[in-house]
Amino acid sequence: MPWVNEDMCVSCGVCVDDCPVGAITLKEDQKAVIKEDECIRCGRCHEVCPEEAVRHDSERIPQEVEANVEKTKSLLKHFKTPQEQQAFFERMVRYFKKQQKVAGLTIDKLTAMTADLGSN
Ligand code: SF4
Ligand code: SF4
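Numbering (my numbering), first residue to last: 80 to 199.
Given below as structure tokens:
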């Protein structure tokens with residue numbers, strides 16, 4: 080999912096005009112923003128932005144990890160004893176392992192589908 084680095088966006092509107100599904104708008108401050116649920120991941124905004132302000136998703140991995148850690152820490156207050164807290168952490172680890180498994184299996188399926196596309 081592409082995203083806009085607001086510090087780099089100069090509000091030229093090129094990406095807004097070029098997005099094939101109208102998923103990008105300029106906010107009140109004139110910085111571009113991408114509507115995640117409308118984006119079809121075509122990659123055009125990456126190509127047309129003259130400032131390289133449209134960034135790749137992978138750059139946000141550290142922030143997303145930190146958000147997961149902070150979310151987990153914020154939930155910790157609901158568990159009082161060390162035993163409860165340990166059980167909670169174990170549940171969160173299981174949750175993220177499940178997410179990891181879902182991602183891995185999804186990647187396997189999409190990779191197989193990609194191979195099928197090439198043989199058609
Ligand atoms: S093309 Fe780049 S600089 Fe121009 S509005 Fe879009 S994100 Fe901002
Ligand atoms: S990737 Fe394509 S659909 Fe998504 S915001 Fe960029 S131009 Fe629009």
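We treat Cβ as the ideally placed atom computed from N, Cα and C, and that holds for glycine.
All values derive from a computational prediction rather than experimental measurement.
Is it true that the CB of residue j sits closer than 9 Å to the CB of residue i?
i      : j      : result
Val112 : Ile103 : yes
Phe168 : His157 : no
Out of the options, point me to the one whose CA is closest to residue i's CA.
i      : options                          : result
Glu115 : Pro141, Cys98, Asn147 and Gly183 : Cys98
Lys110 : Val100, Phe167, Cys91 and Gly122 : Cys91
Leu154 : Arg170, Arg134 and Gly101        : Arg170
Lys124 : Ile140, Glu138 and Gly101        : The sequence as given places Cys at residue 124; Lys does not occur at that position. Selected option, being the one with the closest Cα: Gly101.
Output needed for residue i: all residues of its chain with C-beta closer than 7 Å, excluding positions within five of it in sequence on either side, in chain order.
i     : result
Val93 : Val127, Cys128 and Pro129
Give me the Cβ distance between residue i and residue j, rounded to the nearest whole Å; I'm assuming they're in contact under 8 Å.
i      : j      : result
Met80  : Cys118 : 6 Å
Asn84  : Ala132 : 5 Å
Arg120 : Trp82  : Not quite, the Cβ-Cβ distance comes to about 12 Å (not below 8 Å), so this is no contact.
Look up residue i in the DSSP assignment and give the residues it is bridged to.
i      : result
Leu105 : Ala111
Val133 : Val83
Among the residues of its own chain, which have a CB less than 8 Å from the CB of residue i, if the five just before and after it don't count?
i      : result
Leu105 : Ser90, Gly92, Val95, Ala111 and Val112
Thr185 : none
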